[in-house]
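As structure tokens, the structure follows; a few thoughts come after it.
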Ligand code: SF4
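Residue numbers (my numbering), protein chains in the order written: chain A, 416 to 943; chain B, 4 to 136.
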């Protein structure tokens with residue numbers, strides 16, 4: 416997030432798109448609801464009737480996968496009506512003319528055809544956002560899990576810059592991170608092309624710095640493969656060994672049949688986890704890990720706040736903390752690895768990572784965490800980014816054209832299936848399904864279908880239906896509800912009984928290689 | 004009874020709370036009242052975040068597949084096997100034939116160390132995690 420969770424309390428307007436906030440980020444969802452109750456406005460863009468819809472000033476239900484056209488249309492209105500922040504655009508940005516020319520093609524009429532949103536409503540949204548004093552854009556995986564994920568994100572950044580809603584308190588572009596340490600895993604170099612703090616593996620000076628610090632030579636300067644790339648390489652037999660720590664791709668990734676084949680094709684698979692997950696069941700070696708309460712360590716939340724968790728109890732049996740397991744492996748591999756505790760590791764991170772330079776255990780033990788960038792011991796941390804300038808000086812507008820989703824419903828596969836999470840369950844269910852209360856509240860997977868579609872197909876609530884895509888099929892109980900619009904089906908990926916990711920599409924965004932989990936074309940029938 | 008500060012293991016809000024520990028077991032949670040993130044509140048997941056760690060289904064020993072079945076193994080046996088197989092693959096097919104998936108669930112220190120092992124010991128940059136998903 417460019418801004419912080421506390422800034423939700425002061426915002427005048429929320430522009431929420433692709434986030435079912437009360438289900439996935441409940442405590443941020445309640446901040447939004449509280450803010451609306453004190454008078455802030457909420458513009459919600461979501462094809463489904465999610466809980467936040469009850470609080471929305473305006474709820475626009477765009478057709479699946481049309482966000483770029485939608486936001487371009489909003490920018491076009493803002494420019495045509497002269498509602499953009501001219502001093503800001505002049506002083507802090509570049510590329511305005513290109514943006515203006517491109518979005519001019521997204522007239523309200525064109526946008527209505529693509530997105531299904533009426534011009535009058537598009538106008539209202541555009542004017543409300545542009546005229547708000549402090550407006551926050553909030554998004555989650557509904558924006559990123561598309562073949563146009565990168566374009567979606569760039570387009571939202573264009574909108575924020577155009578209106579000057581960035582670099583001030585209670586503004587900005589705020590992606591909500593799904594898991595407790597997604598932010599940290601990225602910050603720590605858990606990506607193919609970067610070391611910690613997004614320092615590039617192909618930059619010679621950076622490589623030298625890490626070689627010196629780690630006492631090694633010959634670090635590989637070529638960015639590696641993404642998960643999607645690794646699965647394809649395993650499928651083709653060029654990736655032969657895979658080590659998975661605390662992930663369950665055999666539930667969470669798209670096109671599970673492909674993933675299953677890829678993992679089975681490996682010569683050697685190691686899985687380190689706290690349970691024997693679907694993925695671990697395929698492994699050659701399974702290493703038992705400690706859970707969060709059984710070790711010390713830091714986690715970075717969605718607002719870049721690094722917080723320290725202490726060890727409360729011992730792990731069961733012979734399970735060990737992940738860092739202890741990796742340390743033992745590194746020693747066997749002949750690396751110098753004499754960490755006595757996680758604080759020793761953090762010291763090394765501090766020394767190698769400018770944005771984490773001042774984030775020490777000493778400081779974390781007393782306060783409420785520190786938000787990076789925090790370059791040195793006396794720096795207070797950074798509540799919001801881009802205050803005086805963008806990282807690269809001026810902010811560039813990066814206009815994007817609308818491109819359709821990878822699969823568009825046709826005569827045979829005539830529904831769009833979209834996936835997400837629900838309040839009482841979490842991710843692939845390995846943790847939440849082992850909590851009685853959560854399991855009692857949401858014990859089984861349900862497929863949401865609109866009453867009109869259900870009637871046509873003779874489907875009633877609790878009927879078992881079969882849903883099939885070009886890649887796979889599943890059986891699941893139907894829930895007839897107006898939460899979903901016509902021709903759209905919704906379910907979650909928490910339940911192994913109905914693995915929706917057998918059906919989902921692994922078609923990817925070409926830049927970020929994020930798969931289009933948010934929509935694929937399917938057909939549905941009632942099982943007799 | 005002890006109160007140990009921790010961070011919620013579920014979503015990215017990063018709510019903080021205390022684990023209440025009695026006789027070596029977690030018996031409950033207490034949200035941190037002053038923390039700027041959650042200000043004394045938690046959602047249903049946070050309130051129930053400790054139960055799964057006590058599940059009888061937790062993995063408690065290393066497992067090695069032998070003749071298609073998992074067999075319990077010692078740490079030494081399991082780690083030696085991991086090292087010999089991964090270095091064997093690297094030596095035979097090159098560092099790019101190895102992949103490493105980090106985790107959006109483990110700590111910063113652990114992700115750092117894992118990526119360091121992949122890049123420094125195996126010279127493989129095939130390092131990623133499912134957050135891009
Ligand atoms: S308590 Fe709920 S809102 Fe807070 S981090 Fe945990 S899952 Fe997220």
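The C-beta atom is built at its ideal place from N, Cα and C for all residues, glycine as well.
For residue 780 (chain A), the enclosing alpha helix (DSSP H) begins and ends at 776-781. At a cut-off of 9 Å, the C-beta of residue 44 (chain B) has a neighbouring C-beta in chain A. In the DSSP annotation of this structure, residue 913 (chain A) is not part of any beta strand (DSSP E), being labelled neither H nor E.
Straight-line measurement puts the Cα of residue 57 (chain B) at about 34 Å from the Cα of residue 879 (chain A). Excluding its 5 nearest sequence neighbours in each direction, residue 9 (chain B) has C-beta neighbours in its own chain below 8 Å: 19, 20, 21 and 22, listed in chain order.
A straight-line Cα-Cα distance of about 20 Å links residue 699 (chain A) and residue 130 (chain B). Remark: the C-beta of residue 41 (chain B) is in contact range of ligand 1, defined as less than 8 Å to any heavy atom.
Taking non-hydrogen atoms of ligand 1 into account, the C-beta of residue 440 (chain A) is found less than 8 Å away from one of them. In the structure shown, residue 490 (chain A) adopts helical secondary structure according to DSSP, grouped into three states. In the structure shown, residue 523 (chain A) falls within a helical segment according to DSSP collapsed to helix, strand and coil.
Distances from the CB of residue 38 (chain B) to the heavy atoms of ligand 1 are all 8 Å or more.
Against chain A, the CB of residue 54 (chain B) has a partner CB under 9 Å away; the residue lies at that interface. The contact set of residue 662 (chain A) on chain B, defined by CB atoms closer than 9 Å, consists of 104, 105, 106, 107, 108, 132 and 133 in chain order. Under a criterion of Cβ atoms nearer than 8 Å, the residues of chain B adjacent to residue 747 (chain A) are, in order, 82, 83 and 86.
The closest heavy atom of ligand 1 lies less than 8 Å from the beta carbon of residue 48 (chain B). Remark: the C-beta of residue 488 (chain A) is outside contact range of ligand 1, defined as less than 8 Å to any heavy atom.
Residue 4 (chain B) is outside the set of residues whose beta carbon lies under 9 Å from a beta carbon in chain A. Here the alpha carbons of residue 693 (chain A) and residue 663 (chain A) stand approximately 7 Å from one another. For residue 827 (chain A), the number of other beta carbons within 10 angstroms of its own is below 16, and it is reported as exposed.
One alpha carbon belongs to residue 825 (chain A), the other to residue 884 (chain A), and they sit about 12 Å apart. Per DSSP, residue 474 (chain A) is one residue of the beta strand (DSSP E) stretching across 473-475. In terms of beta-carbon proximity, residue 784 (chain A) lines the interface with chain B, with at least one pair separated by less than 9 Å. Identification of residues in the region 480-514 of chain A having a C-beta nearer than 9 Å to some C-beta of chain B yields an empty set. Under the Cβ criterion of 9 Å, residue 128 (chain B) is counted among the residues facing chain A. When DSSP assignments are scanned along the region 511-559 of chain A, the uninterrupted stretches of beta strand (DSSP E) that are 3 or more residues long and fall wholly within it turn out to be 550-554.
Taking a beta-carbon distance threshold of 9 Å, residue 655 (chain A) counts as an interface residue toward chain B. Residue 735 (chain A) and residue 705 (chain A) have their C-alpha atoms roughly 5 Å apart.
A residue is called buried when at least 16 other Cβ atoms come within 10 angstroms of its Cβ; residue 4 (chain B) does not meet this threshold and is exposed. Ranking A:719, A:510, A:566 and A:818 by CA distance to the CA of residue 811 (chain A) puts A:510 first.
When CB distances to chain B are screened at a threshold of 9 Å, the residues of the region 725-745 of chain A falling below it are 725, 726, 727, 728, 729, 730, 731, 732, 733, 734, 735, 736, 737, 738, 740, 741, 742, 743, 744 and 745, in chain order. By a beta-carbon distance limit of 8 Å, residue 841 (chain A) contacts residue 13 (chain B). Their separation comes to about 5 Å.
Residue 793 (chain A) sits exposed, since fewer than 16 C-beta atoms from the chains shown fall within 10 Å of its C-beta.
Look at residue 31 (chain B): its C-beta is not under 9 Å from any C-beta on chain A.
Only 661, 662, 664, 667, 668, 682, 683 and 685 from the region 661-685 of chain A bring a Cβ to less than 7 Å from some Cβ of chain B. Residue 77 (chain B) and residue 87 (chain B) have their C-alpha atoms spaced approximately 16 Å apart. In this structure, the straight-line span from the alpha carbon of residue 530 (chain A) to that of residue 442 (chain A) is close to 30 Å.
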